[in-house]
């Protein structure tokens, strides 16, 4: 993944103002988190961040908009995929950068851009100044950075309990998937830009900005987060054997995956013959018969690792974690 827009600025010329948007349900020790973030940023010369907690009524968008309104430079999204998605929606089209401090079960955006799940690494990434300008997808005024989906993928999410995810991590999604492998397909019409609609009997249609799924599995090898296009995967397995063939090809990273068609477009409209479960960035939204998606080019500044020897963002994940640990130690000692 080319590091096209990372800013090789090191620590900033001036202290940056920041805010933390945190889902308190996802954090075991909220006071400890607050102390670590405050002390680590202070060691880097940043002022104390503003703090906003999400609620059931507002999972993060309103809080992020408040942070933007008071002039912060960086917003730390601290929670699961839903928290990150809410922050993305508020930051799209602004100059404020998003830094991800994952607290959920394997955050999707973090997995796709080489961002560590460790708190120390997330703080180091923001402080070091690496930035990348990404495309985002838009669905009915909400934005996503990874992918939107209709059908099986959303069914899998709905069937996966929070308790199981906390206990075993991302493999919990496999348990949820097994419950729906034999469900009947949906009849869909898929319009790509201004072309004639495609008619398919599909189990799932994914509209992706990047290509990795939970567990680091790469579904769409050509998807890039800043190429101006959405990659569309139409999955059409009908039997258990079809699913096994598809899954094996994905795991082996084959160029051609059976029972999966891939297209590219800037606008995608998926219409089903009946209401279907839908999701954005691993977070369920209300079911519906239609999913309309459009690309917003270069709309989101994301804090990313600054690889020392390679333009591939994911190569620096372990090194930035080590630098983050040193930064946290500096903060705790002051």
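Numbering (our numbering), first residue to last: 3 to 336. We put the CB at the ideal spot given by N, CA and C, even for glycine.
Close Cβ partners of residue i (< 7 Å) along its chain, the five nearest in sequence each way excluded
i           : result
residue 103 : 78, 79, 80, 121, 124
residue 67  : 92
residue 195 : 267, 268, 269
residue 204 : 153, 187, 188, 190, 236, 237, 238
residue 55  : 24, 26
Per DSSP, the bridge partner or partners of residue i
i           : result
residue 298 : 138
residue 104 : 81
residue 290 : 278
residue 263 : 236
residue 129 : Per DSSP, none; premise fails for residue 129.
residue 285 : 282
residue 305 : 133
residue 27  : Per DSSP, none; premise fails for residue 27.
residue 210 : 149, 233
residue 76  : 20, 99
Same chain only: Cβ atoms within 8 Å of residue i, ignoring 5 sequence neighbours per side
i           : result
residue 298 : 94, 95, 137, 138, 139, 140, 145
residue 98  : 69, 70, 74, 75, 76, 77, 303
Where the beta strand (DSSP E) through residue i begins and ends
i           : result
residue 278 : 269 to 282
residue 23  : 20 to 24
residue 153 : 149 to 153
residue 182 : Residue 182 -> no beta strand (DSSP E), and no H or E assigned at all.
residue 144 : 144 to 146
Own chain, CB closer than 6 Å to residue i, minus 5 neighbours either side, in chain order
i           : result
residue 84  : 61, 285
residue 181 : 161
residue 21  : 51, 52, 69, 74, 77
residue 301 : 94, 95, 138
residue 129 : 46
residue 247 : 260
residue 272 : 152, 190, 192, 207, 293
residue 7   : Here residue 7 scores only 43 on pLDDT, less than 50, and its place in the model should not be relied on; the value that follows carries that caveat. Same-chain partners within the cutoff: 134, 135.
residue 215 : 221
Supposed contact pair residue j and residue i - C-beta distance, whole angstroms, cut 8 Å
i           : j           : result
residue 132 : residue 307 : 6 Å
residue 236 : residue 202 : 6 Å
residue 49  : residue 17  : 6 Å
residue 220 : residue 255 : 6 Å
residue 280 : residue 156 : 5 Å
Start-to-end residues for the alpha helix (DSSP H) that takes in residue i
i           : result
residue 190 : Note, residue 190: premise wrong, no alpha helix (DSSP H); beta strand (DSSP E) at 188 to 194.
residue 203 : It is not in any alpha helix (DSSP H) - residue 203 instead sits in the beta strand (DSSP E) that spans 200 to 204.
residue 110 : 110 to 114
Neighbour flag for residue i against chain D, beta carbons, 9 Å
i          : result
residue 92 : In the structure shown, chain D cannot be found, because there is only a single protein chain.
Go through the stretch 213 to 254 residue by residue and report every complete run of the beta strand (DSSP E) that reaches 3 residues or more, in order. 232 to 237
Please specify which runs of the alpha helix (DSSP H), each continuous and at least 4 residues long, are wholly inside the stretch 31 to 65, giving them in chain order. 32 to 45
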